[in-house]
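Asker: Here it is, the structure in full.
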Amino acid sequence: MFCFWIEAKPKRAYLFRLFLLAGMVWALWRNRNKMMFEKEFPCNPFVLLRDVVSFLQKWKVLLSEDEQIMLEKKLEEVHSWIFSFKSIDGGGSDIVVN
5 MFCFWIEAKP KRAYLFRLFL LAGMVWALWR NRNKMMFEKE FPCNPFVLLR DVVSFLQKWK
65 VLLSEDEQIM LEKKLEEVHS WIFSFKSIDG GGSDIVVN
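Heads up, the sequence shown is in this note's numbering, so the first residue is 5 and it goes up one at a time.
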């Protein structure tokens with residue numbers, strides 16, 4: 005899904021990949037903290053993807069115009085990929101809260 009990273013200019017490619025990684029890791033960290041401290045568990049795995057997309061959209065102003073356009077195209081692909089799945093009701097989690 006994120007194989008488009010290599011399309012960026014060589015000097016900017018590293019920073020663009022770092023930007024994407026930061027969005028993913030930040031979403032993971034925030035969801036981990038919600039589970040750990042607030043005992044709030046995601047109802048399905050797409051919650052995490054939604055958070056990643058949300059952070060990347062908020063932070064895209066930090067990118068150059070070309071990178072913003074590339075990011076928007078890829079986020080649209082991610083959105084269509086997410087919505088191609090049927091909605092998950094949230095039943096049947098393997099997480100146990102004591």
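Where is the CB? At the ideal position from N, CA and C, for every residue including glycine. Remember, predicted model here, so these are calculated numbers, not experimental data.
For the putative contact between Asn35 and Pro46, defined by C-beta atoms under 8 Å, what is the C-beta separation to the nearest angstrom?
Answerer: The sequence position of residue 35 within the sequence shown is 31, counting from 1. The sequence position of residue 46 within the sequence shown is 42, counting from 1. That belief holds up - the Cβ atoms of Asn35 and Pro46 are roughly 6 Å apart, short of 8 Å.
Asker: If we ignore side chains and look at the alpha-carbon of each, how far apart do Leu2 and Glu44 end up?
Answerer: Nothing in the structure corresponds to residue 2, since the chain is present only between 5 and 102.
Asker: Since Val57 is in the alpha helix (DSSP H), which residue starts that stretch and which ends it?
Answerer: Sequence index remark: in the sequence shown, residue 57 carries index 53 (1-based). It spans 50-63 - the alpha helix (DSSP H) in which Val57 sits, taken as one unbroken run.
Asker: By Cβ distance below 7 Å, which residues in the same chain neighbour Asp55 in space, the five residues on each side in sequence not counted?
Answerer: In the sequence shown, counting from the first residue as 1, residue 55 sits at position 51. Cβ within range, chain order: Ala31, Arg34, Asn35.
Asker: Exposed or buried, Lys15, counting other C-beta atoms within 10 Å across all chains shown (16 or more means buried)?
Answerer: To locate residue 15, count along the sequence shown from 1; it is residue 11. Counting Cβ neighbours within 10 Å, Lys15 comes out exposed, since fewer than 16 surround it.
Asker: Nearest CA to the CA of His83: which residue from Ser68, Ala17, Val57, Ile73?
Answerer: Start at 1 with the first residue of the sequence shown, and residue 83 comes out as number 79. Nearest to His83 by alpha-carbon distance, out of Ser68, Ala17, Val57, Ile73, is Val57.
Asker: Kindly give me the distance between the Cβ atoms of Gly27 and Leu53, rounded to whole angstroms, as I take these residues to be in contact under 8 Å.
Answerer: Locating residue 27 in the sequence shown gives position 23, where the first residue counts as 1. Locating residue 53 in the sequence shown gives position 49, where the first residue counts as 1. Actually they do not touch by this definition, with Cβ atoms about 11 Å apart.
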